[in-house]
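End of the sequence shown = 310 in the numbering used here, gap-free, step of one.
A virtual CB, placed ideally from N, CA and C, is assigned to each residue, including glycine.
Because the structure is a prediction, the values reported are computed rather than measured.
What follows is a set of notes on a single structure, which appears directly below.
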Amino acid sequence: MAFPPLKSRQLQVIILPMALLLALPFLIPSYYVTIMAYALTLALIALGVNFLLAHGEMPSFGHAAFYALSGYTAAIAFSWYGIPAWLSFILGVLVAMAVGFGIAPIFVRRRGIYFAILTLVFGEVIHRVFWYTKAVGGSDGMSLPVWFDRVSGYYIILFLLFIGCLLFYTISNTPFGRALKAIGENELRAAFIGYNISLYKMMAFALSGIFPALAGAFRMGYDGFICPEFASVHISAEAVVVSFLGGIGSILGTIIFSVFITLLLHILASYWLGYAMVIGIMVILVVLFIPGGVIPLLRIRLARKSGGRG
């Protein structure tokens with residue numbers, strides 16, 4: 001797949017934030033390097049959710065399932081069978097991707113709220129399977145040696161996020177990506193033109209699972225721990241909130257609001273037991289008042305101001 005050429009402004013949007021993120025471990029205490037690594041992990045999961053919303057308008061509340069599947073597979077491969085960490089990581093990602101391809105034909109038959117409910121149920125099923133499976137620790141989860149130190153892990157997740165952004169951008173600017181957008185905007189018209197709707201949507205769903213799969217195997221190795229909460233609806237909901245706040249199809253918005261949400265919840269958790277309610281409240285507010293997302297709204301207003309000056 002050839003990479004579409006990047007314009008100078010697009011290069012700035014990618015390079016400047018990445019340069020800041022590269023320098024961050026030298027600018028902040030080590031504790032916050034870990035928090036930032038968690039934020040970038042959320043950004044990678046949210047890219048998967050955003051990918052589905054931008055390419056087919058499929059709202060998923062179960063993408064944390066791929067996050068957990070990848071993490072558990074990598075943990076089992078590493079701790080049970082002695083497979084090297086890097087190979088366990090790859091195996092975890094491949095298994096999560098395989099599950100995505102396997103369930104895609106069933107899920108894409110439904111649209112809108114029915115699709116969202118299916119993904120929600122899928123995530124909860126995976127959560128409960130790991131919760132009740134004693135072989136993998138049940139509700140207590142699995143502990144194993146960490147794969148890398150805090151700073152090295154930060155740069156690894158930053159690299160994985162860069163790969164995720166590149167994948168998102170590349171697919172979006174191919175004929176395949178444009179066909180998916182056309183299907184999301186008007187499925188009947190796309191079918192009339194001759195697109196194989198089911199095939200395109202299956203591919204989109206399966207590809208979207210790559211992002212949380214990368215995040216899951218990484219997070220397990222970074223913490224040296226995994227538990228059923230990796231598949232919880234809270235993680236999926238955070239990814240949905242980030243996608244709507246940042247704007248559907250906005251890579252930069254996804255990264256910015258992943259950092260914002262992670263820091264916000266981290267601060268609130270120290271003072272308020274009901275901090276998770278913030279996610280639900282934010283979903284309602286964004287859908288009601290900023291359905292297009294904050295970053296796209298800012299871009300529109302800036303464009304209007306510059307146009308007015310001109």
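Secondary structure at Ile226, three-state DSSP: helix, strand or coil?
-> Position 226 of the sequence shown holds residue 226. Here Ile226 sits in strand by DSSP.
With C-beta atoms as the reference, is Leu24 less than 8 angstroms away from Met36?
-> As a working note, residue 24 is residue 24 in the sequence shown. As a working note, residue 36 is residue 36 in the sequence shown. Going by C-beta atoms, Leu24 is nearer than 8 angstroms to Met36.
Report all residues from its chain with a CB closer than 6 angstroms to the CB of Leu52; omit the five preceding and five following residues, and keep chain order.
-> Residue mapping note: residue 52 aligns to position 52 of the sequence shown, counting from 1. Around Leu52: Met58, Ser60, Ser208.
With respect to the alpha helix (DSSP H) encompassing Lys201, which residues constitute its N-terminal and C-terminal limits?
-> Counting from 1 along the sequence shown, the entry for residue 201 is found at position 201. Taken as a continuous stretch (DSSP letters only), the alpha helix (DSSP H) holding Lys201 covers 197-208.
Residue range of the alpha helix (DSSP H) that includes Trp131 = The residue you call residue 131 lines up with position 131 of the sequence shown. Segment 112-132, the alpha helix (DSSP H) holding Trp131.
Alpha carbon to alpha carbon, what distance is there between Pro105 and Ser198?
-> By one-based count along the sequence shown, residue 198 stands at place 198. By one-based count along the sequence shown, residue 105 stands at place 105. Cα to Cα, the separation comes out at about 7 angstroms.
CA-to-CA distance, Ala68 to Met142, given in whole angstroms = Residue 142 sits at position 142 when you count from the first residue of the sequence shown. Residue 68 sits at position 68 when you count from the first residue of the sequence shown. Whole-angstrom Cα-Cα distance: 12 angstroms.
From the DSSP output, in three-state form, read off Ser79 for me.
-> Within the sequence shown, the letter at position 79 stands for residue 79. Reduced to three states, the DSSP call for Ser79 is helix.
Give the range of the alpha helix (DSSP H) segment to which Tyr31 is assigned.
-> One-based indexing of the sequence shown puts residue 31 at position 31. Unbroken alpha helix (DSSP H) run through Tyr31: 30-54.
Is Met18 helix, strand or coil by DSSP?
-> To locate residue 18, count along the sequence shown from 1; it is residue 18. The answer is helix: DSSP assigns Met18 an H, G or I state.
Using DSSP with H/G/I as helix, E/B as strand and the rest coil, what is Ser250?
-> Taking the first residue of the sequence shown as 1, we reach residue 250 at position 250. Correct three-state label for Ser250: coil.
Would you check if there are 3 or more beta carbon pairs closer than 8 angstroms linking the region 212-219 to the region 91-100?
-> yes
Taking Cβ positions, are Pro17 and Leu252 nearer each other than 8 angstroms?
-> Translated into the one-based positions of the sequence shown, residue 17 becomes position 17. Translated into the one-based positions of the sequence shown, residue 252 becomes position 252. Their beta carbons are under 8 angstroms apart, which means Pro17 touches Leu252 by this criterion.
Look up Gly293 in the DSSP assignment and say whether it is helix, strand or coil.
-> Position 293 of the sequence shown, counting from 1, holds the residue named residue 293. DSSP places Gly293 in coil when its eight states are reduced to three.
Give every residue of the same chain whose Cβ lies closer than 7 angstroms to the Cβ of Leu20, excluding the five residues on either side of it in the sequence, and list them in chain order.
-> Translated into the one-based positions of the sequence shown, residue 20 becomes position 20. Hits under 7 angstroms: none found.
Smallest Cα separation from Ser79: which of Val136, Phe122, Arg111, Val108?
-> On the sequence shown, position 79 is the one that residue 79 refers to. When each option's Cα is compared against that of Ser79, the closest is Val136.
Residues bridged to Ser143 [DSSP beta-bridge criterion] = Here the question's residue 143 lines up with position 143 in the sequence shown. In the DSSP output, where bridge partners are listed per residue, Ser143 has Phe225.
Among the residues of its own chain, which have a CB less than 7 angstroms from the CB of Ile267, if the five just before and after it don't count?
-> Here the question's residue 267 lines up with position 267 in the sequence shown. Once the five neighbours on either side are set aside, Ile267 has no close Cβ partner at all.
How big is the Cα-Cα spacing for Thr119 and Gly221?
-> For the purposes of this step, residue 119 is identified with residue 119 of the sequence shown, where counting begins at 1. For the purposes of this step, residue 221 is identified with residue 221 of the sequence shown, where counting begins at 1. Computed Cα separation, rounded: 26 angstroms.
Minimum C-alpha distance to Asp223 - residue among Ala64, Ile235, Leu144 = Stepping through the sequence shown from its first residue, residue 223 is reached at position 223. Comparing Cα-Cα distances from Asp223 to each of Ala64, Ile235, Leu144, the minimum goes to Leu144.
Closest by C-alpha distance to Glu187, when choosing among His55, Val233, Gly246, His127 = Along the sequence shown, read from residue 1 onward, the residue named residue 187 stands at position 187. The option with the nearest alpha carbon to Glu187 is His55.
What three-state label does DSSP hand His63 in the structure shown?
-> As a working note, residue 63 is residue 63 in the sequence shown. Of the three classes helix, strand and coil, the one that applies to His63 here is coil, per DSSP.
According to the neighbour-count rule (16 or more other Cβ atoms, all chains shown, within 10 Å of its Cβ), is Thr254 buried or exposed?
-> Walking along the sequence shown from the start, residue 254 turns up at place 254. Buried, by the Cβ-count rule.
Secondary structure of Glu57, DSSP reduced to three states | In the sequence shown, counting from the first residue as 1, residue 57 sits at position 57. The answer is coil: DSSP assigns Glu57 none of H, G, I, E or B.
Three-way DSSP call (helix, strand, coil) for Phe26 in this model | If you number the sequence shown from 1, residue 26 lands on position 26. Note: Phe26 maps to helix in three-state DSSP.
Please work out which residues of its chain come closer than 6 angstroms, Cβ to Cβ, to Ile15, disregarding the five sequence neighbours upstream and downstream, and give them in chain order.
-> Counted from its first residue, the sequence shown places residue 15 at position 15. Here the set comprises nothing.
C-beta contact flag for Pro228 and His127 at 8 angstroms = Indexing the sequence shown from 1 puts residue 228 at position 228. Indexing the sequence shown from 1 puts residue 127 at position 127. Yes, the pair counts as a contact, with Cβ atoms nearer than the cut-off.
Assigned exposure category for Tyr72 - 16 Cβ within 10 Å defines buried | Residue 72 sits at position 72 when you count from the first residue of the sequence shown. Looking at its Cβ environment, which holds 16 or more other Cβ atoms inside 10 Å, Tyr72 is buried.
Delimiting residues of the alpha helix (DSSP H) encompassing Trp272 | For the purposes of this step, residue 272 is taken as the residue at position 272 of the sequence shown. Here Trp272 belongs to no alpha helix (DSSP H), and DSSP marks it neither H nor E.
Inter-residue Cα distance where the pair is Phe3 and Pro175 | What you label residue 3 is simply residue 3 of the sequence shown in a count that begins at 1. What you label residue 175 is simply residue 175 of the sequence shown in a count that begins at 1. The predicted position of Phe3 is uncertain, since its pLDDT is 47 and thus under 50; no value can be drawn from it.
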